[in-house]
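Report on one structure; see the data block that follows.
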Amino acid sequence: ADPVLSLRDLRIWYGAERGAVRAVDGVSLDLMPGETVGLVGESGCGKSTLGRGVLGLLPEGAGHAGEVSFKGRNLLDIKQRELRSMRGPELGMIFQEPMTRLNPLMRISDHFEEVLQIHEPKIGKKEARNRSMEALRGMGIPPTRYKQYPHEFSGGMRQRIMIALALVLRPAVVVADEPTTALDVLVEAQILRILADLRRNFDTALLLITHNLGIVAEACDRVAVMYAGRVVEQGPAYDVTTKPSHPYSRELLRSTISLSTTELHSIPGAPPDLVSPPPACRFHPRCPNAMAVCAQQWPPTEATSPGRRSECWLHATDRIPVGLEQPLQRE
Ligand code: SF4
Ligand code: MG
Numbered sequence: 002a003d004p005v006l007s008l009r010d011l012r013i014w015y016g017a018e019r020g021a022v023r024a025v026d027g028v029s030l031d032l033m034p035g036e037t038v039g040l041v042g043e044s045g046c047g048k049s050t051l052g053r054g055v056l057g058l059l060p061e062g063a064g065h066a067g068e069v070s071f072k073g074r075n076l077l078d079i080k081q082r083e084l085r086s087m088r089g090p091e092l093g094m095i096f097q098e099p100m101t102r103l104n105p106l107m108r109i110s111d112h113f114e115e116v117l118q119i120h121e122p123k124i125g126k127k128e129a130r131n132r133s134m135e136a137l138r139g140m141g142i143p144p145t146r147y148k149q150y151p152h153e154f155s156g157g158m159r160q161r162i163m164i165a166l167a168l169v170l171r172p173a174v175v176v177a178d179e180p181t182t183a184l185d186v187l188v189e190a191q192i193l194r195i196l197a198d199l200r201r202n203f204d205t206a207l208l209l210i211t212h213n214l215g216i217v218a219e220a221c222d223r224v225a226v227m228y229a230g231r232v233v234e235q236g237p238a239y240d241v242t243t244k245p246s247h248p249y250s251r252e253l254l255r256s257t258i259s260l261s262t263t264e265l266h267s268i269p270g271a272p273p274d275l276v277s278p279p280p281a282c283r284f285h286p287r288c289p290n291a292m293a294v295c296a297q298q299w300p301p302t303e304a305t306s307p308g309r310r311s312e313c314w315l316h317a318t319d320r321i322p323v324g325l326e327q328p329l330q331r332e
């Protein structure tokens with residue numbers, strides 16, 4: 002099968018006084034129909050910007066290059082007007098705070114019927130109602146609550162309503178940015194399970210943005226690990242979350258595991274400033290394995306096992322120039 006969404010050397014930057022903030026800096030990534038790909042990394046690594054870029058929701062003044070190809074077209078070249086009409090029926094989105102997206106003065110039923118009437122004007126009232134109830138039922142919301150207002154639901158239910166609202170149009174691709182971060186663990190697990198069923202039923206591809214590697218292990222088929230605007234490792238979710246290749250993925254996994262044990266581990270240092278990121282491998286100032294070459298030359302991207310790629314000198318030690326193999330000296 003062909004990917005439904007394909008990013009090629011995607012770059013996104015924001016203007017800034019001291020120079021551009023390079024939030025996404027050369028990302029290539031494919032999404033297959035029905036597949037869930039986790040995009041994981043610390044906050045500020047560019048993952049939300051990437052998600053917004055895919056949907057054409059970048060703020061005014063953001064620059065971009067590369068390709069976001071969807072059904073044979075580059076979304077970055079499409080006019081805002083047309084893109085707006087694609088959002089909903091073709092490209093769906095689920096955000097973190099459902100309360101800011103639901104109108105408190107409108108019943109749940111009105112939200113659904115409005116969305117359907119905008120995007121499928123030929124739909125009859127009865128069918129709109131049936132489709133909406135079905136979508137809600139799919140997310141575990143009883144049809145008896147169809148006529149209620151947003152404030153009558155819990156936070157977890159509101160988030161499920163938002164998801165149902167995104168899925169009622171059956172988009173080919175959905176981007177979900179930290180959709181369960183504000184919720185407790187049980188509600189989160191339930192939402193992720195329902196989401197997995199739904200995308201299987203409708204063949205929807207899901208790009209799931211999260212800072213939580215545990216969620217990736219649970220809910221994703223594949224994962225892309227992002228650091229400082231780059232995807233440093235990508236591959237099957239199970240492999241990457243159990244045996245990461247890239248030192249940053251390993252550190253991320255250690256800090257995730259430490260949250261559920263007594264051994265606290267946080268990655269030393271802070272994520273870099275994206276105006277002037279460290280040269281060569283951007284992780285070198287924080288990397289426990291850094292060698293002299295890492296601060297001087299861009300690391301190659303290597304296939305470390307089938308379907309898996311990692312951007313690190315450790316996978317290409319035979320190509321490190323003589324004299325640059327020794328551990329990096331830090332001040
Ligand atoms: Fe660490 Fe070097 Fe690999 Fe970068 S290239 S992650 S600094 S070992
Ligand atoms: Mg974010």
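Throughout, full-length UniProt numbering is defined as the position within the sequence shown, counted from one, plus 1.
Backbone N, C-alpha and C fix where the C-beta goes; we use that ideal spot for every residue, glycine too.
Going by the DSSP bridge assignment, what does residue i pair with across the sheet?
i, result
"V232", "M227"
"H152", "According to DSSP, H152 bridges with nothing at all."
"T302", "E312"
"A66", "R12"
"F71", "L6 and R74"
"T37", "L207"
"P328", "M292"
"V176", "M94 and L208"
"P269", "Paired residue(s): none; P269 is not in a bridge."
"P237", "R223"
Quick check: what's the CA-CA separation for residue i versus residue j?
i, j, result
"G73", "R331", "47 Å"
"D274", "E121", "44 Å"
"L58", "L8", "16 Å"
"P105", "P151", "6 Å"
"L51", "L253", "20 Å"
"T205", "A165", "13 Å"
"A66", "S29", "12 Å"
"D111", "T242", "41 Å"
"P279", "Q298", "11 Å"
"E219", "G39", "10 Å"
"residue 1", "I258", "The requested residue 1 does not occur in the structure, where the chain is confined to residues 2 to 332."
"A17", "G64", "12 Å"
"E313", "S70", "For the sequence presented, residue 313 should be read as Cys rather than Glu. About 27 Å."
"R159", "R200", "19 Å"
"S86", "G20", "34 Å"
"L187", "P60", "34 Å"
"D10", "A136", "36 Å"
"K80", "P172", "19 Å"
"G324", "C221", "41 Å"
"G308", "G35", "17 Å"
Terminal residues of the continuous beta strand (DSSP E) containing residue i?
i, result
"M94", "L92 to I95"
"G27", "V22 to L32"
Kindly give me the distance between the Cβ atoms of residue i and residue j, rounded to whole angstroms, as I take these residues to be in contact under 8 Å.
i, j, result
"V224", "Y249", "About 13 Å separates the two Cβ atoms, so there is no contact after all."
"A293", "L329", "6 Å"
"S256", "S246", "Wrong, their Cβ atoms sit about 17 Å apart, outside the cutoff."
"I216", "L196", "That belief does not hold up - the Cβ atoms of I216 and L196 are roughly 11 Å apart, past 8 Å."
"A24", "G270", "At roughly 19 Å, the Cβ-Cβ gap does not stay under 8 Å, so A24 and G270 are not in contact."
"L214", "T37", "Actually they do not touch by this definition, with Cβ atoms about 14 Å apart."
"V55", "V176", "6 Å"
"F96", "R102", "6 Å"
"M15", "V22", "What sits at residue 15 in the sequence shown is Tyr, not Met. 4 Å between Cβ atoms; contact."
"Y147", "I119", "Rounded, the Cβ-Cβ distance is 19 Å, inconsistent with contact."
"L184", "G139", "Actually they are not in contact, since the Cβ atoms of L184 and G139 sit about 18 Å apart, beyond 8 Å."
"A317", "R310", "In fact, because the Cβ distance is near 12 Å, the residues do not count as touching under 8 Å."
"Y170", "V116", "The residue you asked about is not Tyr; residue 170 is Leu in the sequence shown. That belief holds up - the Cβ atoms of L170 and V116 are roughly 7 Å apart, short of 8 Å."
Need the endpoints of the alpha helix (DSSP H) that residue i sits in, please.
i, result
"I109", "I109 to H120"
"V217", "L214 to A220"
"G54", "K48 to V55"
"V276", "Unbroken run through V276: none, as it is neither H nor E."
"Q81", "Q81 to M87"
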